[in-house]
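Residue numbers (the numbering used here), protein chains in the order written: chain A, 1 to 189; chain B, 1001 to 1125.
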Amino acid sequence: MSQSELHNNEMIHRYLNDLRRYLARLTPHESQEVIREIESHLFDVLDQQADAGQPADVEKILQGFGEPRQLAALYVAHIEEGAPPPRGFRAIQSVKKSVTTSLYFAMAVFGFSMALSLLFVAGAKFLLPEAVGVWSAANGNSIVVGFVAAPPAGMPEVLGWWIVPVATLLALGVTLLTRRVLRVLKQHM
Amino acid sequence: MNSTEDLMEKWAVQLRKGTLELAILAALQQRTLYGLELLKLLQSLPSTTITEGTLYPLLDRLKRDELVDAQWVQEGETRPRKYYQLTPLGNKKLTDLTRLWRQSVSDIEWLLANPGPQPLPNTGV
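So, in structure tokens, the structure goes:
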């Protein structure tokens, strides 16, 4: 190998090493693929120049590729833009999606069971008027709501039969609210 | 004079940028080429001359978009080369872009062929 060939090889290796450094955001396989292709190109051109009896002009060929940093930026741009994600990222997206799905169902179960319990309380008032109600204790600082085995001693009942329309309206309100929230969640699924 | 040349150059650059993808897809039509061959083919034509630094990242993008695919081939004693060809999706895109390109050329040709001051028959302008 002649002196100038050594010099050319050294320039090419330095260029490719710089390029490899700037391609660090690609996977090692992707980066290697880029390096290998450009290396193949460079030595191909050198061979062709030699075959044609022309002096090798590595500098000029490298100029066509541009600065390693700028060239690498073009290969890495799709990662920074967050444009089409590489294949591996799809798994992460589907995990995120299933979180939203479970949140959706949790919200549905929570909201509708709350509404059902309120309706149940309203209905139960007809069957067991003594055991269903809202009792106030400590001058309204604390209350007992719902279905009890025996009315709490010493606490005045607050709503009486009003518990039926109040619980029904609350059930309706909770149902509407739940449906609203679910609609919003669905848009983000 | 200089600024006119500047404007021409800018326009040529814009035109080349806009048509580069079509040029590459067309160059790979029913043909398998490696990077250097493709570069030489494009550089042999006056309006599609591009540099190595433009071609290779663009090929990488076309491959990611699944318009082309590539494989390494080693023939005899030569060093391995990465050969590109169109995928079915690439062929479809080439067909679509070709239609658009021909429409654009014929529209502009029509405008150039129909100067004033005679009123135009079909548009009333």
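Note that the Cβ used here is the ideal one computed from N, Cα and C, for glycine as well. Treat the numbers as computed from the prediction; the structure is a model and nothing was measured.
- Taking a contact to require three or more Cβ pairs closer than 8 Å, the stretch 111-123 of chain A and the stretch 173-189 of chain A qualify as touching.
- Closest in alpha carbon position to L185(A), among S102(A), R20(A), K60(A), G133(A), is S102(A).
- Of the residues assessed, S2(A) falls on the exposed side of the cut-off, its CB having fewer than 16 other CB atoms within 10 angstroms.
- The beta carbon of T1032(B) is closer than 8 Å to those of Y1083, Y1084, Q1085 in its chain, skipping five residues each way along the sequence.
- The Cβ atoms of I163(A) and V121(A) sit closer than 8 Å to each other.
- Residue pairing by DSSP places A72(A) opposite no residue, since no beta bridge is assigned to it.
- Residue burial annotation: K1017(B) is exposed, with fewer than 16 other C-beta atoms found within 10 angstroms of its C-beta.
- The straight-line gap separating the alpha-carbon atoms of T1049(B) and R183(A) is approximately 54 Å.
- Under the DSSP assignment, Q3(A) falls in the alpha helix (DSSP H) whose first and last residues are 3-22.
- If you ignore the 5 residues before and after R20(A), its C-beta comes within less than 7 Å of the C-beta of S31, I35, all in its own chain and listed in chain order.
- The C-alpha of Y22(A) lies about 14 Å from the C-alpha of H13(A).
- Taking the Cα of D44(A) as reference, the smallest distance to any Cα among D1096(B), D1060(B), Y1034(B) is reached at Y1034(B).
- For K1017(B), the nearest beta carbon of chain A is not closer than 8 Å to its own beta carbon.
- When rounded, the separation of the alpha-carbon atoms in I38(A) and T100(A) is 44 Å.
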